[in-house]
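Presented below is the structure to which this report refers.
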Amino acid sequence: AAPTCGAPRRQRRSAPSRRRWPILAPPPRATSVALLSALLWAAALEPAGALLLEVMITSKWSQRARRDIQRNALSSCFKLVLGDHMVELLFFMGDYNNTDVAAAAREQEEHGDLVQVGGPDSDPAVPRDATYVLDRPAARTYRLAHGSKWLAENRPDLDYVMYLDDDSYLHLPRLFGHLEQQGSESLAMGFVMETNLDWSRTHVCELCDPCGPCRDEQSLQDFCAQFPDMAYGGCVMAIQNCRIFDDGEDMASCVAGKLSGIRELSEYFGSKVAPRWMLGMGWTFGKRIVRYIGRNADRLKVRGAADVMLGFWLAPLEGVSFVTMNEGQFHDHPQERSTFAKGCSTQTVLVHRMKPENWQADFDAERCVLRCGEQGSTDE
1 AAPTCGAPRR
11 QRRSAPSRRR
21 WPILAPPPRA
31 TSVALLSALL
41 WAAALEPAGA
51 LLLEVMITSK
61 WSQRARRDIQ
71 RNALSSCFKL
81 VLGDHMVELL
91 FFMGDYNNTD
101 VAAAAREQEE
111 HGDLVQVGGP
121 DSDPAVPRDA
131 TYVLDRPAAR
141 TYRLAHGSKW
151 LAENRPDLDY
161 VMYLDDDSYL
171 HLPRLFGHLE
181 QQGSESLAMG
191 FVMETNLDWS
201 RTHVCELCDP
211 CGPCRDEQSL
221 QDFCAQFPDM
231 AYGGCVMAIQ
241 NCRIFDDGED
251 MASCVAGKLS
261 GIRELSEYFG
271 SKVAPRWMLG
281 MGWTFGKRIV
291 RYIGRNADRL
301 KVRGAADVML
311 GFWLAPLEGV
321 SFVTMNEGQF
331 HDHPQERSTF
341 AKGCSTQTVL
351 VHRMKPENWQ
361 ADFDAERCVL
371 RCGEQGSTDE
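With the numbering used here, the residue at position 77 of the sequence shown is 77, and numbering never jumps.
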């Protein structure tokens with residue numbers, strides 16, 4: 001779908017050059033988006049060594065408060081970025097659905113940073129951190145593909161795209177520190193995962209340490225006997241998932257649902273294992289990958305969960321430079337009940353699952369510092 005908001009398509013030039021873009025700040029209220037775009041591409045040539053970073057956030061129309069938080073936070077953090085690096089923040093939006101169109105137009109007039117690429121505005125409720133497949137395009141997945149297409153066509157001089165979740169804190173100066181060290185157009189940097197889509201054949205000793213109590217528990221054996229298509233360990237893993245995510249549901253029905261979901265995933269993705277992918281909290285792609293996704297946006301699978309889908313998008317591409325941010329650089333807020341929760345440190349680049357109260361209590365805008373809610377836990 002063609003964008004209906006944001007800057008208009010850039011005119012083709014015979015010899016395109018690298019251009020300076022507006023920094024994270026709203027346009028003057030009296031300046032039209034069209035005029036702003038004209039000024040955008042008429043600015044001075046970018047100094048050598050400067051990086052052009054696009055921050056892409058897929059957002060629901062109802063999440064105006066989250067967009068305002070990101071505008072303020074990233075604007076504050078950008079002031080501390082050293083050198084001549086440039087940043088543009090854009091929010092990629094879906095169909096209006098029941099949105100107040102007049103309110104959307106006012107927001108666009110005020111900030112000029114909304115790009116409507118279409119697709120569903122939101123998805124049905126699914127369990128947290130679950131891999132899923134829908135019967136229509138998944139909202140974020142669709143916008144990631146078509147937002148990349150928009151950027152490839154309208155921001156051809158970009159160096160990197162930071163795909164950021166709308167509830168993630170980003171320390172821009174530290175991110176640029178990592179990008180300066182990489183220098184790869186094929187960069188794929190994030191919290192890297194390698195997982196099985198089909199875990200029904202898991203051995204019980206992979207779950208229990210020591211193994212004996214689980215292996216020998218007669219009640220578990222009796223329960224799992226009704227699922228002959230699952231290994232005993234797979235059944236135990238399903239039980240654990242049901243206790244975490246489906247509290248109160250009949251256990252046999254829940255386990256049967258997990259088995260059905262596994263089969264659906266494997267059939268849709270065509271594999272029992274997901275290629276290397278990145279958690280949805282945020283990741284960075286170099287321009288070669290952005291262009292690749294953009295060129296193929298109309299052909300890529302988009303019905304699955306966005307983060308796992310990344311692995312399948314990248315799998316056919318030669319020369320991807322994976323950089324892991326799993327050692328404290330990217331993590332969830334420590335107050336979250338999450339495998340990926342961690343306290344802040346001087347390594348912290350991104351913190352996911354930020355609530356409004358976390359921003360208010362923990363974020364120092366002047367220094368781009370986040371105190372992560374644990375005593376003695378800070379990124380200062």
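Heads up, the beta-carbon is just placed ideally off N, CA and C, and yes, glycines get one too. Since this is a predicted model, take the numbers as computed values, not measurements.
Rounded to the nearest whole angstrom, the C-alpha separation of Asp-84 and Leu-175 is 14 angstroms. Sixteen is the threshold: when 16 or more other Cβ atoms of the shown chains lie within 10 Å of the Cβ of Ile-293, as they do, the residue is buried.
If you look at Val-308, you'll find it isn't in any beta strand (DSSP E); it sits in the alpha helix (DSSP H) that goes 306-314. Cβ-Cβ distances below 8 angstroms link Gln-226 to Ala-252 in the same chain, with the five nearest sequence neighbours on each side left out; the list follows chain order. Annotation for Asn-326: Phe-191, Val-192 place their beta carbon closer than 8 angstroms to its own, counting only its chain and skipping 5 residues before and after.
Counting of Cβ neighbours within 10 angstroms places Phe-322 among the exposed residues, the total staying below 16. Glu-264 and Phe-78 have their C-alpha atoms roughly 43 angstroms apart. With three or more CB-CB distances shorter than 8 angstroms, the stretch 161-178 counts as touching the stretch 272-283. In the DSSP secondary-structure assignment, Glu-54 is bridged to Glu-88, Val-161.
DSSP places Tyr-132 outside both helix and strand once states are collapsed to three, so it counts as coil. Its Cα nearest to that of Tyr-268, the residue Pro-137 stands out among Val-204, Leu-179, Ala-256, Pro-137. The three-state secondary structure of Gly-294, taken from DSSP, is helix. In this structure, the CA atom of Pro-120 is about 9 angstroms from the CA atom of Lys-60.
Taking each of Pro-210, Gly-212, Cys-235, Cys-211 in turn and checking the Cα distance to Asp-222, the smallest one comes out for Cys-235. Boundaries of the alpha helix (DSSP H) harbouring Ala-102: 101-111, taken from the DSSP string. When DSSP states are grouped into helix, strand and coil, Asn-72 belongs to the helix group.
Minimum Cα-Cα distance from Leu-179 among the listed residues Val-87, Gly-118, Asp-113 corresponds to Val-87.
Apart from sequence neighbours up to five positions away, the residues of its chain that approach Gly-49 with a beta-carbon distance below 8 angstroms are Gly-83, Asp-84, ordered along the chain.
Here Gly-147 is buried: its Cβ has 16 or more other Cβ atoms, across all protein chains shown, within 10 Å. By alpha-carbon distance to Arg-353, the top candidate from Ala-365, Cys-372, Ser-345 is Cys-372.
Counted as a single uninterrupted DSSP element, the beta strand (DSSP E) harbouring Gln-116 occupies residues 114-116. Selection Asn-358, Gln-329, Glu-185 evaluated against Val-320 yields Glu-185 as nearest (Cα-Cα). Note that the C-beta distance between Met-189 and Thr-324 is below 9 angstroms. Boundaries of the beta strand (DSSP E) around Phe-285: 273-286. DSSP places Glu-194 inside the beta strand (DSSP E), whose first and last residues are 187-196. Within the same chain, Cys-214, Arg-215, Tyr-232, Gly-233, Val-236 come within 6 angstroms of Val-204 by CB-CB distance, once the 5 residues on both sides are set aside.
For Val-255, the enclosing alpha helix (DSSP H) begins and ends at 251-269. Taking the C-beta atoms as reference points, His-331 is found no nearer than 9 angstroms to Asn-358. The three-state reading of DSSP puts Val-323 in strand, counting E and B together. Here the alpha carbons of Phe-340 and Thr-141 stand approximately 22 angstroms from one another.
Rounded to the nearest angstrom, the gap between the Cα atoms of Asp-298 and Val-290 is 14 angstroms.
The three-state reading of DSSP puts Tyr-96 in coil, since its state is none of H, G, I, E or B. Between the alpha carbons of Ser-76 and Glu-109 lies a distance of about 22 angstroms.
In the structure shown, Ala-238 falls within a helical segment according to DSSP collapsed to helix, strand and coil. Considering only Leu-350, Leu-314, Tyr-96, the residue with the shortest C-alpha distance to Val-115 is Tyr-96.
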